[in-house]
Each structure stands twice: as structure tokens, then as C-alpha cells.
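Per the working numbering, numbering of the sequence shown is gapless, rising by one per residue and ending at 293.
Positions of the beta carbon are idealized from the N, C-alpha and C atoms, including for glycine.
For reference, the structure discussed in these notes is given below.
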Amino acid sequence: LETSHEEFGGSGREVRNVGSVVEGEEFWYWPEVGWEVPPANESLLVNNDVYGHGTHCTGMCGGLTLGVAPRANLYHIKVLGDDGYGTSEGVVSAFDSVAELVSTGKLEGSTVVSVSLGGYCDHGDPEYCALRAPESRAVNSLADLGVGVVVSAGNDGDDACFYTPAAARSALTVGASDYTDVVAWWSNYGSCVDLVGPGVDVALAQTSSAVHSEYYYFQDYVDDDAKRVAVSSGTSFSAPAVSGTLALYAELLGEVPAASDAL
């Protein structure tokens, strides 16, 4: 996340990189709650997003002008490397860290975890994928603590029940639609998808580190000179739109379970 991006300004809230499980870049830094292993490169606390995906997603959730919940506190744990890939173990570790914060009372108030990643569930058994896959168990444990977990359905044009953590029984799994409310042809679908959100040609905060990356070589920009706002598509971006909405509902209703029911 590029915390210095203008989309993450605004008074009265926190926007921080608090951890990374990426090999060679590991750190947990949140001194107030006892995570005091700063990164070797201190600049990672300001911008550890070379790929651009994390800044995109966070901007959709809580960007100051482009996000759904511009007053939300935003805490980022990096689980994907600069090439956009990560491990199941890293994802589960991040989930477990959130569970630790919530269960020990170090993170108070309504908590929503936004997850824009996933992979094929190798077992091919929908029940296993929903309940026993490592990522799904971690998601379900968070839900038991009253945490809302919003997950992207995936962009494979396939049944989301065969992908984790999209298949997790307690996740709020989100597909993608366009501005006419038509579901994108590439969006995953099926009984594991709870709802759809805007995920086609949406404007998103763009990290300066990603402008020259291979992944974003053909990126469209709102301003071709500044390149601070990009236009992208994917369930990765419809999910944080729902995450921000869930946070707003939770603020109004006082708790995440009631907010989830309202959605």
C-alpha cells in the first residue's frame, strides 16, 4: 500500500502498512499492540506496493474521493509479492494475525477484512473447500469473532465454490458487474457468490511504483500525465467496494453480523 497517496489523506483516521509475510520483506510493525519488528527498509512503511494491486483495492474500499468509506481506518498486511503471487501459508498467517488482534481486544470496534486474492481448491470437493481448506478455516474463525470477511469471487468465469478463500462458508463472496448491473463474463459465479459489486472499468488509486511494472504496462489512466488514478477491472475491486459498504453499515448498526445481514 502506498500510504502517501492523496487518496489516503483526511483527518481523524489511520492508514498504515502494519505487516508483510512476503519472503525477504517480512515485518510486523504496530508498536501500540506489540508488533515491533520493523522492516529492514523503513520506506516499506510508506510504500510496499510495487505491483499496484494493494493500493488499487484499498483505494476502492477507503479512498478519500474514490472510495466507499473515506473515513475508515485502513491497516494493510502484504501477502503478495511484487510479482502478484503469494502462498497459502502467508494468507493464513495474515488472517491469524487479525484474529489475535481482535480476540485480545487490541483492535476495537467493527472490523472488516477485505481479501482480493484466491486460488483453485485442489481437492475439488466443495464441502472441503468451504469448511476444511486452510484459508477457509481461517476465514470462518474470524467470522466467529464477529469480523466481516469480504472475498473476491475470482476472474476465471468458473464456479467460485472451487476456489479459496471465495468458497469459505462464512465469507461474503463478491462477483463483478458493470455500470449497467450486468455480471461480467469473466466473473466467477455460483452458490458461493453472495452478491456482486462494481468491478468493470472502475477508477482506482495507483501507486507510483506500479506505473512502470509489466502488469500495468497497458494500464489506462484518468490523467495520462499524473498517472495517479488508473482504470481497471476485476472482482479484486468489486470486493473492496462491498468491504467499504459493510464498514458503513456496521458503523450505523453497531456490529458486523447485523451489517452483513442488512447487505
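To the nearest angstrom, report how far apart V180 and S144 are at their CA atoms.
In a straight line, the C-alpha of V180 is about 5 Å away from that of S144.
For Y209, does the three-state DSSP call read helix, strand or coil?
Correct three-state label for Y209: coil.
For the structure I just gave you, are there three or more beta carbon pairs, one from the segment 129-137 and one from the segment 155-164, closer than 8 Å?
Output reads no: the segment 155-164 does not touch the segment 129-137.
Quick check on L137: does DSSP put it in helix, strand or coil?
Note: L137 maps to coil in three-state DSSP.
Express the C-alpha separation of N71 and A289 in angstroms, rounding to a whole number.
Cα to Cα, the separation comes out at about 39 Å.
Between R101, C222 and T237, which lies nearest to E257 when the distance is taken from Cα to Cα?
At residue 257 the sequence reads Lys, which differs from the Glu that was named. Nearest option by C-alpha distance: T237.
Can you check which of these residues, P156, S217, A233 and E66, is closest to A197 by C-alpha distance?
Measuring from the Cα of A197, the nearest candidate turns out to be P156.
Please list the segments of the beta strand (DSSP E) lying wholly inside the segment 77-131, counting only runs of 3 or more residues, in order along the chain.
Counting only runs of 3 or more, we get 104-108.
Is V204 helix, strand or coil by DSSP?
V204: strand per DSSP, three-state reduction.
Please work out which residues of its chain come closer than 6 Å, Cβ to Cβ, to D291, disregarding the five sequence neighbours upstream and downstream, and give them in chain order.
Around D291: no qualifying Cβ.
In whole angstroms, what separates the C-alpha of P228 from that of D189?
The straight-line gap from Cα to Cα measures roughly 19 Å.
Among all the DSSP beta bridges, which residues are the ones paired with T194?
Paired residues: G149.
What three-state label does DSSP hand P287 in the structure shown?
It is helical.
With 16 as the cutoff for other CB atoms within 10 Å, does K108 come out buried or exposed?
Label assigned to K108: buried.
Roughly how many angstroms separate the alpha carbons of G205 and T194, rounded to a whole number?
Roughly 14 Å separates the two Cα atoms.
What do you get for D174, buried or exposed, if any count of 16 or more other CB atoms within 10 angstroms of its CB means buried?
Label assigned to D174: exposed.
The beta strand (DSSP E) spanning A260 covers which residue range?
It spans V259 to S262 - the beta strand (DSSP E) in which A260 sits, taken as one unbroken run.
Write down the C-beta distance between G97 and G89 rounded to the nearest angstrom, noting that I regard them as a contact closer than 8 Å.
With a Cβ gap of about 6 Å, G97 and G89 count as contacting.
Considering Cα atoms alone, identify which of S268, Y279, E285 and V286 is closest to C91.
Here the closest residue by C-alpha is S268.
Does the Cβ of D79 have 16 or more other Cβ atoms within 10 Å, making it buried, or fewer, making it exposed?
With 16 or more Cβ atoms within 10 Å of its Cβ, D79 is classed as buried.
Could you check what DSSP says for P156 in three-state terms: helix, strand or coil?
Three-state DSSP puts P156 in a helix.
Does the distance from the CB of H295 to the CB of A235 come in under 7 Å?
Absent from the model: residue 295. The displayed extent of the chain is 31 to 293, so no value can be given.
Here's a check: name, in chain order, each residue in its chain whose Cβ is nearer than 6 Å to the Cβ of G93, leaving out the five neighbours to either side.
Cβ neighbours of G93 beyond the five flanking positions: E37 and A235.
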